[in-house]
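Residue numbering for the sequence shown follows our numbering, starting at 1 and increasing by one per position. Every residue, glycine too, gets a C-beta built ideally from N, C-alpha and C. These figures come from a predicted structure and were not determined experimentally.
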Amino acid sequence: QVIPKRNPIPRDVSSLTTAHLPMVMRMKEVAQTSLQAEGFTMDQALLGFHVPPFISVPHLHLHVIAPRNGIDARKRLKYITGS
Numbered sequence: 001q002v003i004p005k006r007n008p009i010p011r012d013v014s015s016l017t018t019a020h021l022p023m024v025m026r027m028k029e030v031a032q033t034s035l036q037a038e039g040f041t042m043d044q045a046l047l048g049f050h051v052p053p054f055i056s057v058p059h060l061h062l063h064v065i066a067p068r069n070g071i072d073a074r075k076r077l078k079y080i081t082g083s
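Structure follows, in structure tokens:
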């Protein structure tokens with residue numbers, strides 16, 4: 001997971017505004033750096049946020065899953081590409 005340091009941290013994606021774009025882009029950069037350090041590319045990973053009401057913790061965080069096929073079948077429904 002990538003958790004922003006910005007204070008206050010937005011609760012979830014529904015509370016994001018255009019002012020948060022630099023923060024979200026930085027979260028993606030951190031995810032990419034972490035993936036590369038583990039030997040993965042962005043094409044081999046899934047990145048995503050939970051969308052209300054399906055949030056696991058009450059602050060914005062980016063899930064980074066690699067390799068893509070490492071996610072079990074039950075969770076595949078939760079992480080739908082393009083959602």
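Item to check | Beta-carbon proximity check, V57 vs S34, cutoff 8 Å | outcome: No, the pair does not count as a contact, with Cβ atoms beyond the cut-off.
Next on the checklist: As a quick exercise: from G70, L21, R6, L16, pick the residue whose alpha carbon is nearest that of V51.
Outcome noted: Between V51 and the set G70, L21, R6, L16, the nearest pair of CA atoms involves L16.
Next on the checklist: Per DSSP, what are the beta-bridge partners of H63 in this structure?
Outcome noted: Residue pairing by DSSP places H63 opposite G48 in a beta bridge.
Checklist entry - What is the DSSP secondary structure of V2, counted as helix, strand or coil? => result DSSP places V2 in strand when its eight states are reduced to three.
Checklist entry - Helix, strand or coil: how does DSSP classify T41 here? => result The answer is coil: DSSP assigns T41 none of H, G, I, E or B.
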